[in-house]
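K.L.:
Numbering (my numbering), first residue to last: 33 to 371. I'd like to ask you about the structure that follows.
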């Protein structure tokens, strides 16, 4: 049964006025998971140290966050607020992500860390790859998890299905040939990065795999790309553990994007990943998807055979030519650099 990693200190990161990234996000997920029978919650005590965060981020950036947190309320940028409790929440989230990896390495299961503030937009020194903001993120939780996983695994695979490109994660591991970062995202929205032809730095070409989708892409568009791109990579490397940046803002009517995913895709992903031990880290998701997508993801993991056998035939349709071309470009590069 999937395990949910939680520490109430992640709720300490609080906006002064209404903000879409707020403590209620985690509370909504927790309640929806419990209603669907996912009650195996592991309370993780404590938080990561500043030194652990410095393994990922620059000293200047971390010091700037610490300084801002000394005030009662502030902004790192126009999108990213900082409250007096932000540092505790961010260090707690960083630890939750690393603990998910530790558990996934010990015993096969899905370990879902309820982390906030989110992290995948935070680069080495904050704003990553020319982005105008940190996109609500403080410390890159999935990068911290991957850094720990690298100590035990020859190769680390990160799959990010948040609707926004994980620019911080890509920047941090750009030149790392041992970290494969696969990123599903909506094309043309914040942070404006994640082109198909961004494939990694010198000696790491082909390890950064970007799948930019047009607006209003559907479950089947994503499923098609998964089957054509992600499945062959997983089959080839046969990882012991897969890390997931689990954002749920590609769900239909999220509000910060314009995708049309439903529970079907998230169940499908959970089912497809069921053969692996999973360390999943919460990223975005700001609307109704928080109620429906996380339980679907976990349900897929434990009911894989039934879900894959009964996938509705209406999803077995051809994607648009744009998506076919995007996927073919990605496959061509994978063939050149990986296989």
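The C-beta atom is built at its ideal place from N, Cα and C for all residues, glycine as well.
How should residue 315 be labelled, buried or exposed, when 16 other C-beta atoms within 10 angstroms of its C-beta is the threshold for buried?
P.N.:
Against the chain shown, residue 315 aligns to sequence position 283. Its Cβ being crowded by 16 or more others within 10 Å, residue 315 is buried.
K.L.:
Could you give the distance in angstroms between the alpha-carbon of residue 221 and the alpha-carbon of residue 87?
P.N.:
Position 189 of the chain shown holds residue 221. Position 55 of the chain shown holds residue 87. Cα to Cα, the separation comes out at about 29 angstroms.
K.L.:
Please name the residue, chosen from 106, 364 and 210, that lies closest to residue 182 on a Cα-to-Cα basis.
P.N.:
Translated into the one-based positions of the chain shown, residue 182 becomes position 150. Of 106, 364 and 210, the residue nearest in Cα terms is 210.
K.L.:
Going by other Cβ atoms of all chains shown within 10 Å of its Cβ, with 16 needed for buried, is residue 186 buried or exposed?
P.N.:
Translated into the one-based positions of the chain shown, residue 186 becomes position 154. By the neighbour-count rule (16 or more Cβ atoms within 10 Å), residue 186 is not buried but exposed.
K.L.:
Would you decide whether residue 248 is buried or exposed? Buried here means 16 or more other CB atoms lie within 10 Å of its CB.
P.N.:
Numbered from its first residue, the chain shown carries residue 248 at position 216. The residue in question, residue 248, is exposed, as its Cβ has fewer than 16 Cβ neighbours within 10 Å.
K.L.:
Can you tell me where the alpha helix (DSSP H) with residue 254 in it begins and where it stops?
P.N.:
Residue mapping note: residue 254 aligns to position 222 of the chain shown, counting from 1. Residue 254 -> alpha helix (DSSP H) spans 251-257.
K.L.:
Residues in the same chain with beta-carbon distance under 8 angstroms from residue 333, minus the five sequence neighbours each way, listed in chain order, please.
P.N.:
As a first step, residue 333 is located in the chain shown; it is residue number 301 there, counting from the start. Same-chain partners within the cutoff: 34, 142, 302, 303, 305, 306 and 310.
K.L.:
For residue 283, count neighbouring C-beta atoms within 10 Å of its own C-beta (all shown protein chains included) and say buried if the count is 16 or more, exposed if not.
P.N.:
To locate residue 283, count along the chain shown from 1; it is residue 251. Per the 10 Å Cβ criterion, buried.
K.L.:
Rank 195, 41, 262 and 206 by C-alpha distance to the C-alpha of residue 280 and give the top, closest one.
P.N.:
Reading the chain shown from its first residue, position 248 is the one you call residue 280. When only C-alpha atoms are compared, the closest one is 195.
K.L.:
Just the C-alpha distance for residue 260 and residue 99, rounded to the nearest angstrom, thanks.
P.N.:
By 1-based counting over the chain shown, the position of residue 260 is 228. By 1-based counting over the chain shown, the position of residue 99 is 67. Taking the straight line joining both Cα atoms gives about 46 angstroms.
K.L.:
DSSP three-state call for residue 380: helix, strand or coil?
P.N.:
The chain is shown only over 33 to 371; residue 380 falls outside these bounds and no answer can be derived.
K.L.:
Grab me the residues of residue 206's own chain with a C-beta within less than 8 angstroms of its C-beta, minus the 5 sequence neighbours each way, in chain order.
P.N.:
Here residue 206 corresponds to residue number 174 of the chain shown, with the count starting at 1. The beta carbon of residue 206 sits closer than 8 angstroms to those of 232, 233, 236 and 240, all from its chain and outside the five residues before and after it, given in chain order.
K.L.:
Taking residue 208 as the reference, which of 359, 46 and 178 has the closest Cα?
P.N.:
Walking along the chain shown from the start, residue 208 turns up at place 176. Among 359, 46 and 178, the Cα nearest to that of residue 208 belongs to 178.
K.L.:
Taking 7 angstroms as the limit between beta carbons, can you name the residues of its chain near residue 90, skipping five residues before and five after?
P.N.:
Taking the first residue of the chain shown as 1, we reach residue 90 at position 58. Excluding positions up to five away in sequence, the list reads 156 and 157.
K.L.:
Residues in the same chain with beta-carbon distance under 8 angstroms from residue 82, minus the five sequence neighbours each way, listed in chain order, please.
P.N.:
Taking the chain shown and counting its residues from 1, one reaches residue 82 at position 50. Once the five neighbours on either side are set aside, the close Cβ partners of residue 82 are 94, 98 and 123.
K.L.:
Considering only the alpha carbon of each residue, which of 69, 362 and 48 lies closest to residue 227?
P.N.:
Sequence index remark: in the chain shown, residue 227 carries index 195 (1-based). Comparing Cα positions, the closest option is 362.
K.L.:
Would you call residue 50 buried or exposed, if buried means 16 or more other Cβ atoms sit within 10 Å of its Cβ?
P.N.:
For the purposes of this step, residue 50 is identified with residue 18 of the chain shown, where counting begins at 1. Of the other Cβ atoms in all chains shown, fewer than 16 fall within 10 Å of the Cβ of residue 50; this residue is therefore exposed.
K.L.:
May I have a chain-ordered list of the beta strand (DSSP E) segments no shorter than 3 residues that lie completely inside the stretch 203-231?
P.N.:
211-218
K.L.:
Residue 96: which of 159, 308 and 152 sits nearest, CA to CA?
P.N.:
One-based indexing of the chain shown puts residue 96 at position 64. Nearest C-alpha to residue 96: 159.
K.L.:
Contact defined as beta carbons within less than 8 angstroms: I believe residue 44 pairs with residue 121. What is the distance between those atoms, to the nearest angstrom?
P.N.:
Indexing the chain shown from 1 puts residue 44 at position 12. Indexing the chain shown from 1 puts residue 121 at position 89. Contact between residue 44 and residue 121 holds: their C-beta atoms lie close to 4 angstroms from each other, under 8 angstroms.
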